[in-house]
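Colleague: First the structure, which I've put down as structure tokens, then a few questions once you've had a look.
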Amino acid sequence: MTQKNQELNSNYYEVYGSKMHVLEYGKEEKGNPILFLHGNPSNSFLWRNITPYVQEIGHHVIVPDLIGMGKSDKPAIDYTFMEQYAYIENLIEQMKLKNIILVLHDWGSGLGFHYFANHKDNIKAIVFMEGIIQDIGTFFPKENIDFFNKLRGPEGYKMIAEDNIFLNNVLPTWVSRDLTQEELDAYKAPFQTIESRKPIWKFVSQVPLHGKPELTASIVKNYREALQNSKIPKLFFYAEPGAFMPKSVRDWILNNIPKLKAVNIGKGVHFIQEDNPELIGSTLKEWITELD
40 MTQKNQELNS NYYEVYGSKM HVLEYGKEEK GNPILFLHGN PSNSFLWRNI TPYVQEIGHH
100 VIVPDLIGMG KSDKPAIDYT FMEQYAYIEN LIEQMKLKNI ILVLHDWGSG LGFHYFANHK
160 DNIKAIVFME GIIQDIGTFF PKENIDFFNK LRGPEGYKMI AEDNIFLNNV LPTWVSRDLT
220 QEELDAYKAP FQTIESRKPI WKFVSQVPLH GKPELTASIV KNYREALQNS KIPKLFFYAE
280 PGAFMPKSVR DWILNNIPKL KAVNIGKGVH FIQEDNPELI GSTLKEWITE LD
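Under our numbering, the letters of the sequence shown match residues 40 to 331, in that order.
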């Protein structure tokens, strides 16, 4: 399915003195709002082939760029997880979103799951894929752990912000197909300077690895427990082999999280919206329609 850009309105909301860019559709619709949260190092462009499927079923579709990413402002903050969370929490409050259906990926899942753990009464359902739900030290192969340790060390800022390794090397290899030059340019566009890539570096430094950093490790532990005790409907997309949700993590999810529908999208690594948007989009549409 092709992207329906003309039907997504580009709006800006002021949050803590900065403008957050939000793509929206169906603001007057009566269905539960559907909030799509991207992660690192991406932006709202990630969802372009998914949102058309849910634009015609009577819901308010909301696709923000996280602060410092996409077309959102780049304020002089540290871009910690809690700062990113504060902007999203405030945005939700400002937009008066109620009984939300969350659609989450990567660090967007961390933000969304944490919001759920703190605002359970405001979440109708959760959809997630390739999210952060377990310490990567428990399942990443040694070479990946060594790589992440290097990225979090003294060389990390240079590798990510100066050498742009995440956008030039990691992003393209974490998709099972070859991204077009146009697609690569859309992912790279918001991060043209060294300083603009600070949020990418900060997110990488906060992925829980062997219990560090302690704050995000404890946040992940807390929302894992919240998900285990939750009775709201959940939809889980996974790929083979996956990256953040390989078989061992998938097995834990399937055995421990209730009210869950799991869908294998086939071959994919991390940015699975690029691998099989048709299956993700059509399944999402059908699942949300059944919720209604």
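Idealized CB from N, CA, C, for every residue including glycine. Quick caveat: nothing in here was measured; it's all calculated off a predicted structure.
By the three-class DSSP mapping on this structure, what secondary structure does Glu-169 have?
Modeller: As a position in the sequence shown, residue 169 is number 130, starting the count at 1. Strand, per DSSP.
Colleague: Could you tell me which residues DSSP puts in a beta bridge with Ser-57?
Modeller: The residue labelled residue 57 in the question sits at position 18 within the sequence shown. DSSP lists Val-54 as partners of Ser-57.
Colleague: By Cβ distance below 6 Å, which residues in the same chain neighbour Gln-173 in space, the five residues on each side in sequence not counted?
Modeller: Within the sequence shown, numbered from 1, the residue matching residue 173 stands at position 134. Cβ within range, chain order: Val-288.
Colleague: Would you mind giving the Cβ-Cβ distance between Phe-275 and Phe-167, rounded to the nearest angstrom? I have them listed as a contact below 8 Å.
Modeller: In the sequence shown, counting from the first residue as 1, residue 275 sits at position 236. In the sequence shown, counting from the first residue as 1, residue 167 sits at position 128. The pair is a contact, with the Cβ atoms about 6 Å apart (cut-off 8 Å).
Colleague: So which of Phe-186, Ala-228, Phe-152 has the shortest CA-CA distance to Gly-107?
Modeller: As a working note, residue 107 is residue 68 in the sequence shown. It is Ala-228 whose Cα lies nearest to the Cα of Gly-107.
Colleague: Run through DSSP, which three-state label would Ser-83 get?
Modeller: In the sequence shown, residue 83 corresponds to position 44, counting from 1. Ser-83: helix per DSSP, three-state reduction.
Colleague: Pro-72 lies in the beta strand (DSSP E); which residues open and close that run?
Modeller: Mapped onto the sequence shown, residue 72 falls at position 33. It spans 70 to 76 - the beta strand (DSSP E) in which Pro-72 sits, taken as one unbroken run.
Colleague: So Phe-187 is in the alpha helix (DSSP H); what residue range does that whole segment cover?
Modeller: Within the sequence shown, residue 187 is the residue found at index 148, counting from 1. Start and end: 181 to 191.
Colleague: Using beta-carbon positions only, say whether Leu-248 and Ile-204 come within less than 8 Å of one another.
Modeller: Counting from one through the sequence shown, the residue named residue 248 turns up at place 209. Counting from one through the sequence shown, the residue named residue 204 turns up at place 165. Taking 8 Å as the Cβ cut-off, Leu-248 and Ile-204 do not qualify as a contacting pair.
Colleague: Return the first residue and the last residue of the alpha helix (DSSP H) that His-153 is part of.
Modeller: In the sequence shown, residue 153 corresponds to position 114, counting from 1. Segment 146 to 157, the alpha helix (DSSP H) holding His-153.
Colleague: Between the beta-carbon of Leu-323 and the beta-carbon of Pro-272, is there less than 8 Å?
Modeller: Walking along the sequence shown from the start, residue 323 turns up at place 284. Walking along the sequence shown from the start, residue 272 turns up at place 233. Taking 8 Å as the Cβ cut-off, Leu-323 and Pro-272 do not qualify as a contacting pair.
Colleague: Contact check, Leu-130 vs Pro-103 under 8 Å by CB: the rounded distance?
Modeller: By 1-based counting over the sequence shown, the position of residue 130 is 91. By 1-based counting over the sequence shown, the position of residue 103 is 64. Confirmed, Cβ separation roughly 6 Å.
Colleague: Do you know offhand how far Tyr-52's Cα is from Glu-122's?
Modeller: Taking the sequence shown and counting its residues from 1, the one referred to as residue 52 is at position 13. Taking the sequence shown and counting its residues from 1, the one referred to as residue 122 is at position 83. Cα to Cα, Tyr-52 sits roughly 17 Å from Glu-122.
Colleague: Scan the stretch 224 to 269 and note each continuous beta strand (DSSP E) run of 3 residues or more that stays entirely inside, going in chain order.
Modeller: Counting only runs of 3 or more, we get nothing.
Colleague: Which one or two residues does DSSP pair with Asn-303 in a beta bridge?
Modeller: Walking along the sequence shown from the start, residue 303 turns up at place 264. Looking at the DSSP assignment, Asn-303 forms a beta bridge with Tyr-277.
Colleague: Decide if the stretch 146 to 156 is in contact with the stretch 220 to 234; the criterion is three or more beta carbon pairs, one per stretch, under 8 Å apart.
Modeller: Contact fails: fewer than three Cβ-Cβ distances are below 8 Å.
Colleague: How would you call Thr-90, buried or exposed, if buried means at least 16 neighbouring beta carbons within 10 angstroms?
Modeller: Working through the sequence shown from its first residue, we reach residue 90 at position 51. Buried.
Colleague: Could you tell me whether the Cβ atoms of Val-259 and Ile-199 are closer together than 8 Å?
Modeller: As a working mapping, residue 259 is identified with position 220 in the sequence shown. As a working mapping, residue 199 is identified with position 160 in the sequence shown. Not closer than 8 Å, so no.
Colleague: Given a cut-off of 8 Å on the beta-carbon distance, is the pair Val-93 and Ile-327 in contact?
Modeller: The residue labelled residue 93 in the question sits at position 54 within the sequence shown. The residue labelled residue 327 in the question sits at position 288 within the sequence shown. The answer is yes: Cβ separation under 8 Å.
Colleague: Between the alpha carbons of Leu-105 and Lys-251, how many angstroms are there, rounded?
Modeller: Numbered from 1 along the sequence shown, position 66 holds the residue referred to as residue 105. Numbered from 1 along the sequence shown, position 212 holds the residue referred to as residue 251. Between Leu-105 and Lys-251, the C-alpha separation is close to 23 Å.
Colleague: Please state whether DSSP places Asn-126 in a helix, a strand or coil.
Modeller: The residue labelled residue 126 in the question sits at position 87 within the sequence shown. Here the sequence assigns Tyr to residue 126, which means Asn is not the residue at that position. DSSP places Tyr-126 in helix when its eight states are reduced to three.
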